[in-house]
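Working notes for the structure below.
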Amino acid sequence: QKEVEQDPGPLSVPEGAIVSLNCTYSNSAFQYFMWYRQYSRKGPELLMYTYSSGNKEDGRFTAQVDKSSKYISLFIRDSQPSDSATYLCALVPSGTYKYIFGTGTRLKVLA
Amino acid sequence: GAVVSQHPSWVICKSGTSVKIECRSLDFQATTMFWYRQFPKQSLMLMATSNEGSKATYEQGVEKDKFLINHASLTLSTLTVTSAHPEDSSFYICSARDPLASTYEQYFGPGTRLTVT
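Line by line, the protein sequences give chains A and B. For the first sequence, the positions run 92 to 202 when our numbering is used. For the second sequence, the positions run 24 to 140 when our numbering is used.
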């Protein structure tokens, strides 16, 4: 069993839809939870991070963490074609700065 | 914001040769840099953690004699793929952490595409 599970997609949605991206994990030692966006053949860029259970909102993006269920989500509201990319969750165990990445979910927003 | 650059962005080399990839933090000093490898449609796999002034720490299964890492200054880490073979063809990405930042954020470079023929 992988430490971090993420559906690879691809996920296709119409423009304006609400997108839900998810990761599950097995290790309760994970302390920080990050979401990165990666365009094709580019390096990842940070969208959001959080370290506690609950919701965190930034513009059209909302990150949600449920530590009891070991489940994290990223919601994108009013999705745009420019949101088409691969979305990676990255989890950080306590006591380290190392990232454990999910496999990434490829998202395509159709105009 | 913090910027990390990589050079070259794309390199083709012949099997058996070595190739060096540079990773630079442009506007901050990075005591720790990370090297990842990403195969097509797969996630980033951490290869090694590079610490300035000391030996790199390699992840299990990564050959340290094949992937030489040098972190000689606070703004530069290099990855040398020695005796490259076609199976080493991949997308190599580095990241750096700003020790003065209060978050766990890593700043990623744009990646280097290596093709071994």
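Heads up, the beta-carbon is just placed ideally off N, CA and C, and yes, glycines get one too. What you are looking at is a predicted structure, and each value in this text was computed from that prediction instead of being measured.
#1: On the criterion of 16 or more Cβ atoms from any shown chain inside 10 Å, does A:A202 qualify as buried, or is it exposed?
#2: Hey, B:V85 and B:A107: beta-carbon distance below 7 Å or not?
#3: For A:V252 versus A:G193, is the C-beta spacing smaller than 7 Å?
#4: Can you find a CB in chain A that lies within less than 7 Å of the CB of B:G132?
#5: Using 10 angstroms around the beta-carbon of B:A95, count the other beta-carbons present and answer buried if the total reaches 16, otherwise exposed.
#6: Whole angstroms are fine: how far does the CA of B:G39 sit from the CA of A:Q129?
#7: Taking A:V95 as part of the beta strand (DSSP E), name the residues at either end of that continuous run.
#8: Have a look at A:V156 and A:K147 and give me their C-alpha separation to the nearest angstrom.
#9: Counting only beta-carbon atoms, is B:I116 nearer than 7 Å to chain A?
#10: Got a sec: which bits of the stretch 128-139 of chain A sit with their beta carbon under 8 Å from any beta carbon on chain B, in order along the chain?
#11: May I ask you to report which of helix, strand or coil DSSP gives A:E136?
#12: Is it buried or exposed, B:S48, if we count other Cβ atoms within 10 angstroms and call 16 or more buried?
#13: Roughly how far, in whole angstroms, is the beta-carbon of A:Y178 from the beta-carbon of A:L137, given that I think they are within contact range, below 8 Å?
#14: Run the CB neighbour count on B:E128, radius 10 Å, all protein chains shown included, and call it buried at 16 or more, exposed below.
#15: Let me see if you follow: with CB-CB separation under 7 Å, is B:L49 close to chain A or not?
#16: Do you know offhand how far A:L165's Cα is from A:P184's?
#17: For B:R120, would you say it is in contact with chain A, using Cβ-to-Cβ distances shorter than 7 Å as the test?
#18: Are A:F124 and A:I163 close, meaning C-beta to C-beta below 7 Å?
#19: With a threshold of 7 Å between beta-carbons, can B:E128 be considered close to chain A, or not?
#20: Note down, in chain order, every chain A residue with its Cβ under 9 Å from the Cβ of B:R136.
#21: At least one CB of chain C closer than 7 Å to the CB of B:S66: is that the case?
#22: Closest by CA to A:N118, which one among A:G134, A:Y142, A:T141 and A:K93?
If we stick to the structure as given:
#1: exposed
#2: no
#3: Outside the displayed span of chain A (92 to 202) sits residue 252 of chain A, for which this structure offers no information.
#4: yes
#5: exposed
#6: 31 Å
#7: V95 to Q97
#8: 9 Å
#9: yes
#10: R132, K133, G134, P135, E136 and L137
#11: strand
#12: buried
#13: Actually they do not touch by this definition, with Cβ atoms about 12 Å apart.
#14: buried
#15: no
#16: 19 Å
#17: yes
#18: yes
#19: yes
#20: R132
#21: This model lacks chain C altogether, as its protein chains are A and B.
#22: A:K93
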